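Right, one structure below, let's go through it.
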Amino acid sequence: MKKSDISIEIFNAKALSFQVNNDNVFEGDLKFENINIALNSEFQIDEKNSAVGVKIDLTVILKENEKDLFGLSSFFEFGVYDLKDVLIKKDKNNILDSKFARKLLNIAIGGSRGMLSVYLSSTQYKGFTLPIANIPDDFFED
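Counted the way UniProt numbering counts, the sequence shown spans residues 1 to 142.
Shown next as structure tokens:
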């Protein structure tokens, strides 16, 4: 089976935390030239249950003072049919093939964008939409 033919199912998608830094308020329209976006991701492989968990931490930081404006942590659990076909042995551990990991990360970031939009709808940042992520091919390279 080709790696591009691997079937996945979203078992779980939830926000773990959302916070707005009320000590660092930005007045006016929040534009991309005023901010930096920090992204951290973690993967957990559950070979027994043929599942992969992805935790996403997104933080929007104001450039002028380098302080957080708001952030979201979210978790996604994917069922992966034929998980063994996308695992690679590295240092006695199994890791995900980087192309497959990118696909899961893109799905998780897309879900996080939607969650963030809902949470921001009741804040002063309600017009802000996180940009679509373009994860580079070498994102998972050492």
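For every residue, glycine included, the Cβ atom is placed at its ideal position computed from N, Cα and C.
Just so you know, these numbers come straight off a predicted model, no measurement behind them.
Bounding residues of the alpha helix (DSSP H) (the contiguous stretch that carries residue i)
i, result
"Leu30", "Leu30 -> no alpha helix (DSSP H), and no H or E assigned at all."
Residue i, DSSP secondary structure in three states
i, result
"Lys103", "helix"
"Ser98", "helix"
"Ser7", "coil"
Residue of the options minimising C-alpha distance to residue i
i, options, result
"Lys31", "Tyr81, Lys126 and Ser98", "Lys126"
"Leu130", "Asp5, Leu58 and Gln19", "Leu58"
"Asp5", "Val118, Phe26, Tyr81 and Gly110", "Tyr81"
"Ala101", "Lys63, Glu42 and Lys92", "Glu42"
Span separating the alpha-carbon of residue i from that of residue j
i, j, result
"residue 145", "Leu72", "Residue 145 is absent from the structure shown; the chain starts at 1 and stops at 142."
"Asn49", "Asn22", "41 Å"
"Asn94", "Phe76", "20 Å"
"Glu64", "Lys103", "33 Å"
Endpoints, the beta strand (DSSP E) within which residue i is located
i, result
"Thr59", "Ala51 to Leu62"
"Ser73", "Lys67 to Val80"
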